[in-house]
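**Q**
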Amino acid sequence: MDIPQPIRLPVATAAANERDLAEIVAAIELVVRGAATRVTVAGLEDPQVVAADGLVVAQDAGVEFRLGRDPETGAIRVVVGPVAG
Amino acid sequence: MIGGRRPLQGRKAGDQRVRVERPHSTYFRYAGPNQLVAREAASRPRTRTGRAIARLRSILFGRPLSIHEEMEERLPKKKALAIFSSDPISSSAYATEEILRVLVLAGVGALFLSLPIAAAIALLLAVVSTSYRQIGYAYPSGGGAYAVARANLPTLASLVAAGALLVDYIMTVAVSTASAVAQIISAVPEVTDARIVMGVAAIVLITLGNLRGLRESGNIFAIPTYLFVGSALLMIAIGVFRIVVGGEHADPPTPLPGAGDPLQPLGVLLIIRAFASGSVALTGTEAIANGVPAFKPPEPKNAATTLTVVAVLLAVLFIGITFVAYTFGIVAIDEPHPRTVVSQVAAVIYGDGSIGFYLFQASTALILFLAANTSYNAFPRLAAILAKDGYMPRQFSFRGDRLAFTSGIVILSLIAIGLLVLFEGNTTALIPLYSVGVFISFTISQGGMVRHWLRERSAGWHWRIAINGFGCALTAAVAVVVMVAKAPPSLLVAVVIPILVVTMLFIHRQYRASAQNLQVRPDVVIPPPHRQERVVVPVPGFNRAVVQAVNVGRSIASDVRAVLISDEPTEAALIRERWERQLPDVPLVIVESPYRALIGPLLAYLDVLDLAWPPDEDAPITFVVIPEYVARSWWERLLYNQSAKRLRAALLGRPHTVVVNVPYRRDEPEAAATTS
Numbered sequence: 000m001d002i003p004q005p006i007r008l009p010v011a012t013a014a015a016n017e018r019d020l021a022e023i024v025a026a027i028e029l030v031v032r033g034a035a036t037r038v039t040v041a042g043l044e045d046p047q048v049v050a051a052d053g054l055v056v057a058q059d060a061g062v063e064f065r066l067g068r069d070p071e072t073g074a075i076r077v078v079v080g081p082v083a084g
Numbered sequence: 000m001i002g003g004r005r006p007l008q009g010r011k012a013g014d015q016r017v018r019v020e021r022p023h024s025t026y027f028r029y030a031g032p033n034q035l036v037a038r039e040a041a042s043r044p045r046t047r048t049g050r051a052i053a054r055l056r057s058i059l060f061g062r063p064l065s066i067h068e069e070m071e072e073r074l075p076k077k078k079a080l081a082i083f084s085s086d087p088i089s090s091s092a093y094a095t096e097e098i099l100r101v102l103v104l105a106g107v108g109a110l111f112l113s114l115p116i117a118a119a120i121a122l123l124l125a126v127v128s129t130s131y132r133q134i135g136y137a138y139p140s141g142g143g144a145y146a147v148a149r150a151n152l153p154t155l156a157s158l159v160a161a162g163a164l165l166v167d168y169i170m171t172v173a174v175s176t177a178s179a180v181a182q183i184i185s186a187v188p189e190v191t192d193a194r195i196v197m198g199v200a201a202i203v204l205i206t207l208g209n210l211r212g213l214r215e216s217g218n219i220f221a222i223p224t225y226l227f228v229g230s231a232l233l234m235i236a237i238g239v240f241r242i243v244v245g246g247e248h249a250d251p252p253t254p255l256p257g258a259g260d261p262l263q264p265l266g267v268l269l270i271i272r273a274f275a276s277g278s279v280a281l282t283g284t285e286a287i288a289n290g291v292p293a294f295k296p297p298e299p300k301n302a303a304t305t306l307t308v309v310a311v312l313l314a315v316l317f318i319g320i321t322f323v324a325y326t327f328g329i330v331a332i333d334e335p336h337p338r339t340v341v342s343q344v345a346a347v348i349y350g351d352g353s354i355g356f357y358l359f360q361a362s363t364a365l366i367l368f369l370a371a372n373t374s375y376n377a378f379p380r381l382a383a384i385l386a387k388d389g390y391m392p393r394q395f396s397f398r399g400d401r402l403a404f405t406s407g408i409v410i411l412s413l414i415a416i417g418l419l420v421l422f423e424g425n426t427t428a429l430i431p432l433y434s435v436g437v438f439i440s441f442t443i444s445q446g447g448m449v450r451h452w453l454r455e456r457s458a459g460w461h462w463r464i465a466i467n468g469f470g471c472a473l474t475a476a477v478a479v480v481v482m483v484a485k486a487p488p489s490l491l492v493a494v495v496i497p498i499l500v501v502t503m504l505f506i507h508r509q510y511r512a513s514a515q516n517l518q519v520r521p522d523v524v525i526p527p528p529h530r531q532e533r534v535v536v537p538v539p540g541f542n543r544a545v546v547q548a549v550n551v552g553r554s555i556a557s558d559v560r561a562v563l564i565s566d567e568p569t570e571a572a573l574i575r576e577r578w579e580r581q582l583p584d585v586p587l588v589i590v591e592s593p594y595r596a597l598i599g600p601l602l603a604y605l606d607v608l609d610l611a612w613p614p615d616e617d618a619p620i621t622f623v624v625i626p627e628y629v630a631r632s633w634w635e636r637l638l639y640n641q642s643a644k645r646l647r648a649a650l651l652g653r654p655h656t657v658v659v660n661v662p663y664r665r666d667e668p669e670a671a672a673t674t675s
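Quick mapping for you: the protein sequence lines, in order, are chains A and B.
Mapping of the first sequence onto numbering that gives the first Met the number 0: position 85 corresponds to residue 84, and the numbering continues sequentially without gaps.
Mapping of the second sequence onto numbering that gives the first Met the number 0: position 586 corresponds to residue 585, and the numbering continues sequentially without gaps.
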């Protein structure tokens with residue numbers, strides 16, 4: 000029987016995802032603590048992968064969460080805050 | 000070794016040349032494999048302001064001395080005698096007066112006791128100096144009472160000795176200066192009101208002299224010391240000749256200045272008080288034993304010889320001045336203008352207002368001013384020894400450019416000036432604080448020597464132990480007598496010494512605790528680092544300094560993010576836009592802070608970053624890389640980097656955090672090429 004060989008896809012590593020999520024969680028915490036009204040995180044490696052998790056954390060915390068895309072470069076940024084009214 | 004030999008191709012085929020490269024040679028001397036010795040150029044300041052300060056320091060304190068020049072700083076006996084004898088010998092200028100000030104309380108009839116009391120004190124001096132000769136031989140590395148006690152007695156005893164010595168050295172400066180000013184006032188009564196100003200100015204001058212280093216100090220002090228000794232010996236010789244051959248004598252003035260009203264009974268207590276007051280003559284005897292390393296080799300022998308000469312000179316001067324003063328009926332006068340006993344002796348012998356009189360007064364004032372120098376040698380040395388043992392802050396063991404222990408010198412001066420101002424420059428008011436510490440340290444050092452001989456049992460230990468044992472008992476008795484007879488002021492010292500001891504024990508405990516914290520077990524091989532690293536670069540905007548800091552951050556770890564704290568969303572959006580375009584690999588976190596605060600939000604960011612870390616993993620090391628613009632002049636320093644300074648201060652001591660400063664110089668071509 001042939002053993003299926005996994006194909007290595009060019010996905011972000013788990014460590015990078017963890018880092019991105021940690022960054023989003025930190026941003027949410029900053030807004031919750033009142034240290035910032037809004038936090039923009041740009042330049043994350045692959046923000047779409049962790050966006051869902053980030054959204055859950057933001058909703059739990061009662062903080063607005065959205066993704067934005069730069070029309071010229073196409074870079075995705077995460078905007079956290081302000082606290083949902 | 001930095002540099003090396005580089006083979007070069009010659010002009011013709013087959014030609015080989017070797018270029019020897021020593022890029023370090025301007026700043027370092029090659030002293031062996033992996034060993035360089037810094038030249039003076041290595042410490043030379045690079046900035047214009049730094050060079051100006053260095054020039055000023057050079058004018059005030061002299062050129063920096065290499066540690067290899069220290070041997071040349073050793074003192075020959077003649078110069079050492081001048082430096083170390085100024086304290087003990089100068090005390091002959093006020094010791095007689097202190098005896099007479101007590102005896103006059105019982106009237107004219109009690110003054111005859113000044114002679115036997117002076118003789119008893121001279122006997123005590125003989126015992127103490129003999130004991131200290133032995134200390135110089137047994138402990139040639141110096142340290143005096145503290146070194147002896149540390150080697151032979153419990154720690155507490157050695158610290159009491161150290162505390163007593165420190166107090167003694169400070170008091171030497173204050174008392175000698177106060178007495179010197181009194182000698183000037185005796186000769187020139189018009190300057191009575193400038194008593195404190197003159198004292199403070201003198202201490203400042205001596206401080207500057209000492210900050211220049213040992214040799215210059217020796218030169219400064221040799222002339223006045225020998226001038227005083229010569230003129231005082233001549234004065235005593237003339238006085239004794241006139242008394243013995245000419246049969247001259249005089250009665251004390253009537254009414255007797257300072258006499259008790261009513262007269263105090265001439266009891267044992269009064270005699271003991273007079274003895275306690277006069278025993279101030281012994282202060283400074285220990286300085287030579289403490290300063291043995293400052294002598295030229297053979298250090299102990301030269302120190303012992305110098306000590307004997309000093310003791311004999313002091314005894315002759317003290318008894319001689321007391322004898323002449325008593326025979327001519329001289330006592331201290333405070334009204335209408337203060338006149339010291341020794342100045343009146345000089346007036347009687349050389350003639351009041353004569354050149355001889357003024358010369359003697361000048362030399363007396365000078366030697367007293369310079370007697371303080373004994374402390375300027377001894378105090379910083381003892382403080383340095385205590386600092387090396389961990390009982391004083393470490394900066395006391397660092398030597399300045401001129402091989403002088405700068406911190407010790409400055410502290411000594413400040414406290415002495417404080418005392419002088421507090422006691423309004425009054426010698427008699429200061430003296431009760433003086434003798435107690437001296438006799439406590441004498442007692443502890445003699446006690447330590449008894450233990451030393453008992454342990455060593457070297458040749459002649461029997462008679463050596465007898466000398467030190469006798470000295471210990473005698474000085475202990477005198478310490479108690481001085482403490483009781485001079486109470487309540489003397490009790491102040493009994494409070495200060497325990498405070499010093501407790502402080503030293505506290506410092507030692509702190510150093511020991513930090514040493515235990517820092518120690519590396521000797522039985523382990525250090526593994527490579529296992530904790531993860533992340534970098535946070537606080538950025539004020541987008542510029543070359545920021546780019547350089549981010550690049551440095553990227554060289555430290557792969558997990559790098561920049562943080563921009565902003566209160567201006569529009570401006571922040573512009574920066575973000577540029578960041579995403581030009582530094583797309585590095586995340587930028589824009590924290591909109593409505594309170595225009597910088598430090599608080601950044602610290603909060605670091606806190607939440609820590610909280611977001613998985614709790615089951617070791618906390619990572621966070622490198623906070625701070626971009627800094629290198630100021631090119633003093634006024635630029637005021638304009639830039641103030642936030643960076645505040646941030647550094649706020650991050651100091653934060654766990655798992657390393658602060659990295661990345662200075663950006665305006666002319667750095669590499670960064671310019673990257674970002675332009």
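Glycine included, every Cβ here is placed at the ideal spot set by N, Cα and C.
Express the C-alpha separation of Ile270 (chain B) and Asp333 (chain B) in angstroms, rounding to a whole number.
**A** For the purposes of this step, residue 333 (chain B) is taken as the residue at position 334 of the second sequence. For the purposes of this step, residue 270 (chain B) is taken as the residue at position 271 of the second sequence. Between Asp333 (chain B) and Ile270 (chain B), the C-alpha separation is close to 22 Å.
**Q** Excluding five sequence neighbours on each side, which residues of the same chain lie with their C-beta closer than 6 Å to the C-beta of Arg68 (chain A)?
**A** Position 69 of the first sequence holds residue 68 (chain A). Ile75, listed in sequence order.
**Q** Work out the CA separation of Ala21 (chain A) and Asp615 (chain B) for me, nearest whole Å.
**A** For the purposes of this step, residue 615 (chain B) is identified with residue 616 of the second sequence, where counting begins at 1. For the purposes of this step, residue 21 (chain A) is identified with residue 22 of the first sequence, where counting begins at 1. Using only the alpha carbons, I get a separation of about 15 Å.
**Q** Only counting runs of 4 or more residues, tell me where the alpha helix (DSSP H) segments fall wholly within the segment 537-563 of chain B, in order along the chain.
**A** 543-555
**Q** I want to verify the contact list: residues of chain B whose CB lies under 8 Å from the CB of Asp59 (chain A), in sequence order.
**A** Counted from its first residue, the first sequence places residue 59 (chain A) at position 60. Those within 8 Å of Asp59 (chain A) in chain B number zero; the least Cβ separation is about 14 Å.
**Q** How is the beta strand (DSSP E) around Ile195 (chain B) delimited, first residue to last?
**A** One-based indexing of the second sequence puts residue 195 (chain B) at position 196. That residue, Ile195 (chain B), is in no beta strand (DSSP E); its alpha helix (DSSP H) goes 194-210.
**Q** Against chain A, with Cβ distances strictly below 7 Å, would Leu678 (chain B) count as a contact?
**A** Summary: the structure shown does not reach residue 678 (chain B), with chain B confined to residues 0 through 675, and so no result is reported for it.
**Q** Would DSSP call Ser457 (chain B) helix, strand or coil?
**A** Mapped onto the second sequence, residue 457 (chain B) falls at position 458. In this structure, Ser457 (chain B) counts as coil in the three-state DSSP scheme.
**Q** Can you tell me where the alpha helix (DSSP H) holding Thr305 (chain B) begins and where it ends?
**A** Against the second sequence, residue 305 (chain B) aligns to sequence position 306. Where Thr305 (chain B) is concerned, the enclosing alpha helix (DSSP H) stretches over 298-326.
**Q** Mind checking Ile354 (chain B): buried by the 16 CB within 10 Å criterion, or exposed?
**A** In the second sequence, residue 354 (chain B) corresponds to position 355, counting from 1. By the 10 Å Cβ count, Ile354 (chain B) comes out exposed.
**Q** Are any of the Cβ atoms in chain A nearer than 7 Å to that of Val501 (chain B)?
**A** What you label residue 501 (chain B) is simply residue 502 of the second sequence in a count that begins at 1. Chain A, which has no Cβ nearer than 7 Å to the Cβ of Val501 (chain B), makes this no.
**Q** List, in order along the chain, the chain B residues whose C-beta lies closer than 9 Å to that of Glu22 (chain A)?
**A** Mapped onto the first sequence, residue 22 (chain A) falls at position 23. In chain order: Arg560, Pro586, Val588, Leu608, Ala611.
**Q** Got a sec: is the Cβ-Cβ distance from Glu579 (chain B) to anything in chain A below 7 Å?
**A** Translated into the one-based positions of the second sequence, residue 579 (chain B) becomes position 580. Yes, contact with chain A.
**Q** Tell me which residue opens and which closes the beta strand (DSSP E) that Val623 (chain B) is part of.
**A** Mapped onto the second sequence, residue 623 (chain B) falls at position 624. Unbroken beta strand (DSSP E) run through Val623 (chain B): 620-628.
**Q** Cβ atoms of Pro613 (chain B) and Val661 (chain B): under 7 Å apart, would you say?
**A** For the purposes of this step, residue 661 (chain B) is taken as the residue at position 662 of the second sequence. For the purposes of this step, residue 613 (chain B) is taken as the residue at position 614 of the second sequence. No.
**Q** Does the beta-carbon of Gln182 (chain B) have 16 or more other beta-carbons within 10 angstroms, so that it is buried, or is it exposed?
**A** Walking along the second sequence from the start, residue 182 (chain B) turns up at place 183. So Gln182 (chain B) ends up on the buried side.
**Q** Which one or two residues does DSSP pair with Glu687 (chain B) in a beta bridge?
**A** Residue 687 (chain B) lies beyond the range of chain B shown here (0 to 675); nothing can be said about it.
**Q** Do Ala275 (chain B) and the ligand MG come close, with the Cβ less than 6 Å from some heavy atom?
**A** Of the ligands one can find in the structure shown there are none, so the ligand MG has no counterpart to examine.
**Q** Closer than 9 Å by beta-carbon distance: list the chain B residues that pair up with Gly53 (chain A), in chain order.
**A** In the first sequence, residue 53 (chain A) corresponds to position 54, counting from 1. Going along chain B, no residue has its Cβ under 9 Å from Gly53 (chain A), so there is no contact; the nearest lies around 11 Å.
**Q** In chain order, what residues of the same chain have a beta carbon less than 7 Å from the beta carbon of Gly3 (chain B), not counting five sequence neighbours either side?
**A** For the purposes of this step, residue 3 (chain B) is taken as the residue at position 4 of the second sequence. Cβ neighbours of Gly3 (chain B) beyond the five flanking positions: Glu20.
**Q** Output, in chain order, the set of chain B residues within a Cβ distance shorter than 8 Å of Asp86 (chain A).
**A** Nothing about residue 86 (chain A) can be read from this structure; chain A reaches only from 0 to 84.
**Q** Residues in the same chain with beta-carbon distance under 7 Å from Leu102 (chain B), minus the five sequence neighbours each way, listed in chain order, please.
**A** Position 103 of the second sequence holds residue 102 (chain B). If we look at Leu102 (chain B) and ignore the five residues flanking it on each side, its Cβ neighbours are Ala109, Leu110, Leu112, Ser113, Ala273.
**Q** Determine the direct distance from the alpha carbon of Asn376 (chain B) to that of Asp351 (chain B), and round the result to whole angstroms.
**A** On the second sequence, residue 351 (chain B) is found 352 positions in, with the first residue counted as 1. On the second sequence, residue 376 (chain B) is found 377 positions in, with the first residue counted as 1. So the two alpha carbons sit approximately 36 Å from each other.
**Q** Give a yes or no on whether 7 Å exceeds the smallest Cβ distance from Pro292 (chain B) to chain A.
**A** In the second sequence, residue 292 (chain B) corresponds to position 293, counting from 1. No - not a single Cβ of chain A is within 7 Å of the one on Pro292 (chain B).
**Q** Specify the secondary structure class of Arg28 (chain B) as computed by DSSP and reduced to three states.
**A** Here residue 28 (chain B) refers to the residue found at position 29 of the second sequence. It is a strand residue.
**Q** Can you find a CB in chain A that lies within less than 7 Å of the CB of Ser642 (chain B)?
**A** One-based indexing of the second sequence puts residue 642 (chain B) at position 643. Closer than 7 Å: no.
**Q** Any idea what DSSP makes of Phe240 (chain B), helix, strand or coil?
**A** Taking the first residue of the second sequence as position 1, residue 240 (chain B) is located at position 241. Phe240 (chain B) falls in the helix class under three-state DSSP.
**Q** Measure the alpha-carbon distance for Ala493 (chain B) versus Pro379 (chain B) and round it to whole angstroms.
**A** As a first step, residue 493 (chain B) must be located in the second sequence, where it is residue number 494. As a first step, residue 379 (chain B) must be located in the second sequence, where it is residue number 380. Between the C-alpha atoms of Ala493 (chain B) and Pro379 (chain B) there is a straight-line separation of about 22 Å.
**Q** Of all the CB atoms in chain B, is at least one closer than 7 Å to the CB of Val79 (chain A)?
**A** Here residue 79 (chain A) is taken as the residue at index 80 of the first sequence, counted from 1. Judged by the 7 Å Cβ criterion, Val79 (chain A) is not in contact with chain B.
**Q** Does any residue of chain B bring its CB to less than 7 Å from the CB of Gly42 (chain A)?
**A** One-based indexing of the first sequence puts residue 42 (chain A) at position 43. It does; some Cβ of chain B falls within 7 Å.
**Q** Do you know how far the Cα of Ala572 (chain B) is from the Cα of Asp584 (chain B)?
**A** Within the second sequence, numbered from 1, the residue matching residue 584 (chain B) stands at position 585. Within the second sequence, numbered from 1, the residue matching residue 572 (chain B) stands at position 573. Computed Cα separation, rounded: 18 Å.
**Q** Compare the C-beta of Thr674 (chain B) with all C-beta atoms of chain A and state if any pair is closer than 7 Å.
**A** As a first step, residue 674 (chain B) is located in the second sequence; it is residue number 675 there, counting from the start. At Thr674 (chain B), the pLDDT of 47 sits below 50, so the modelled position is not reliable; the number obtained from the coordinates is stated separately. Judged by the 7 Å Cβ criterion, Thr674 (chain B) is not in contact with chain A.
**Q** Looking only at its own chain, which residues have a Cβ that is under 7 Å from the Cβ of Gln47 (chain A), when we skip the five neighbours before and after it?
**A** Mapped onto the first sequence, residue 47 (chain A) falls at position 48. Within the same chain, Gln47 (chain A) has close Cβ partners Ile75.
**Q** Whether or not the segment 299-315 of chain B and the segment 142-152 of chain B are in contact is what I'm after, with contact meaning three or more pairs of Cβ atoms, one per stretch, closer than 8 Å; do they touch?
**A** no
**Q** What three-state label does DSSP hand Ala11 (chain A) in the structure shown?
**A** Taking the first sequence and counting its residues from 1, the one referred to as residue 11 (chain A) is at position 12. Bear in mind that a pLDDT of 44 at Ala11 (chain A), under 50, signals an unreliable position, so the number given afterwards is only what the model happens to contain. Three-state DSSP puts Ala11 (chain A) in coil, outside helix and strand.
**Q** Can you pull the chain B residues whose beta carbon is under 9 Å from the beta carbon of Val38 (chain A), in chain order?
**A** Here residue 38 (chain A) corresponds to residue number 39 of the first sequence, with the count starting at 1. Neighbourhood of Val38 (chain A) in chain B, by CB distance below 9 Å: Val588, Ile589, Val590, Glu591, Tyr604, in chain order.
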